[in-house]
Amino acid sequence: MIILAATPIGNLGDASRRLIETLSTITIVAAEDTRVTVHLLKALGIENRPKLIALHDHNERGKAAELVELARDVDILVLSDAGMPTVSDPGFHLVDAAVAAGVLVTALPGPSAVLTALAVSGLPTDRFTFEGFLPRKHGERVKLLRDLAAERRTMVFFESPNRLADSLTDLAATLGPDRRVVVCRELTKFFEEVKRGTASELAEWAAAGVRGEICIVVAGAEVRVLDLAMGVAEVLDLVAGGIRLKDAAADVSAASGLGKRELYEHALQAKTGAPLPKPDRSAFPLG
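Going by UniProt numbering, the residue at position 18 of the sequence shown is 18; the numbering climbs one at a time, nothing skipped.
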């Protein structure tokens, strides 16, 4: 079978008993970085030295079929550098191939940066979405955040410390400066820090430089009750800020429940003075 195993995200004491027992007897390990796995074995005092096979982003598609066939006869333990394989780490393509081939897949649960950050954030945890790493490029990052502007679930992101300040600045610009945000740094480690505030406050804080592994937790959009006039005013404000009219109407529609087409047409009329289109009454014949 294929065994996905969660490894510590910082504190070595978080290694589960099942992980230690499995590492002590397993004969084959598919590892994101074999050097990290060797270090983990030594740090846990495990004398077993299984065969190590590199399984990372650059070779996983090519290795998947080979490992699946191997797993028909022997158990293969899959490890990422930290946390659970397949969650922003290698493993998905291997699992996909195993499922298609009818090979059993199981998991040894354990540490998760996503769930740890969510739990300590103080933001709603009943519904959430994990969005992985934010895009590196400014334009792509802004587009993604704009698409998520009306998302009502709590959102969790990974981010590089070198890009944190820029990402928080973009987040404040697209989701609003007052959106509640939590930055979790070095979770489970000695210098763990959880910084809470608004998007603009944390962007200013991060400008001085931040180190370590970073998770960003963002509050979902609040449901707003707007009448049409207020909705049109918000659309025009977004357009004045450089957003296309069509995109602005879609954003306000998603956040307010007002009709996207109606917002677009009224905002266009207010912006250009063009008359509103006549309603189509063909579906409602007289008589």
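Glycine included, C-beta positions come from ideal geometry on N, C-alpha and C.
Quantities reported herein were computed from a predicted structural model and do not represent experimental measurements.
Neighbourhood of Pro18 by C-beta, 6 Å cutoff - its chain only, sequence neighbours within 5 removed: The sequence given here has Arg at residue 18, not Pro. Same-chain partners within the cutoff: Leu108.
As assigned by DSSP and simplified to three states, the class of Met230: In the three-state reduction of the DSSP assignment, Met230 falls in the helix class.
Backbone CA spacing between Val218 and Pro124 [nearest angstrom]: 10 Å
Proximity winner among Asp170, Asp89, Lys189 and Ala64, relative to Arg136 (alpha-carbon distances): Asp170
Residue from Ile214, Ser200 and Glu265 with nearest C-alpha to Ala229: Glu265
Under 8 Å between C-beta atoms of Pro90 and Glu60: yes
Which residues DSSP lists as bridging Glu193, in chain order: Arg185
Residues of its chain near Lys246, where Cβ-Cβ distance is below 8 Å and the 5 sequence neighbours each way are ignored: Tyr264
Beta-bridge pairing of Glu159 - partner residues as DSSP gives them: Ile214
Pairwise C-alpha distance: Ile20 and residue 289: The structure shown does not extend to residue 289, since the chain is modelled only from 1 through 287, so no value can be given for it.
Buried or exposed by the 16-neighbour rule on C-beta atoms within 10 Å, applied to Val114: buried
Under 8 Å between C-beta atoms of Glu32 and Ser88: no
Counted within 10 angstroms of its Cβ, other Cβ atoms place Pro111 as buried (16 or more) or exposed: buried
Helix, strand or coil at Leu79 according to DSSP, with G and I counted as helix: strand
DSSP bridge partner residues for Phe130 (one or two, in chain order): Val156
One or two residues paired with Ile46 in a DSSP bridge: In the DSSP output, where bridge partners are listed per residue, Ile46 has none listed.
Start and end residues, alpha helix (DSSP H) containing Gln20: Note that residue 20 corresponds to Ile in the displayed sequence, not to Gln. Per DSSP, Ile20 belongs to the alpha helix (DSSP H) from Arg17 to Thr25.
Supposed close pair Ala149, Thr188 - CB separation, criterion 8 Å: Going by Cβ atoms, the distance from Ala149 to Thr188 rounds to 32 Å, so no, they are not a contact pair.
Beta-carbon separation (whole angstroms), Pro25 vs Asn48, contact threshold 8 Å: Contrary to the premise, residue 25 reads as Thr rather than Pro in this sequence. Confirmed, about 7 Å.
Distance CB(Arg152)-CB(Gly257) smaller than 8 Å: Gly257 is positioned such that its CB atom lies no closer than 8 Å to that of Arg152.
Exposed unless 16 or more other CB atoms sit within 10 angstroms - verdict on Val74: exposed
Phe158 versus Gly139, Arg185, Ala172 and Ala119, residue with shortest Cα-Cα distance: Arg185
N-terminal and C-terminal residue of the alpha helix (DSSP H) that Lys137 is part of: From DSSP, Lys137 is part of no alpha helix (DSSP H); its letter is neither H nor E.
Nearest-angstrom Cα separation, counted from Ala119 out to residue 332: This structure does not reach residue 332, given that the chain is present from 1 up to 287, and the question cannot be answered.
Collapsed DSSP secondary structure at Arg180 in the structure displayed: strand
Whether Leu55 touches Val78 by CB criterion (8 Å): Less than 8 Å divides the Cβ of Leu55 from the Cβ of Val78.
For Thr169, three-class secondary structure by DSSP: helix
Between the CA atoms of Leu236 and Lys260 - distance to the nearest angstrom: 13 Å
Extent of the continuous alpha helix (DSSP H) run through Ala250: Its alpha helix (DSSP H) spans residues Leu245 to Ser256.
Beta-carbon gap between Ile9 and Ala82 smaller than 8 Å: yes
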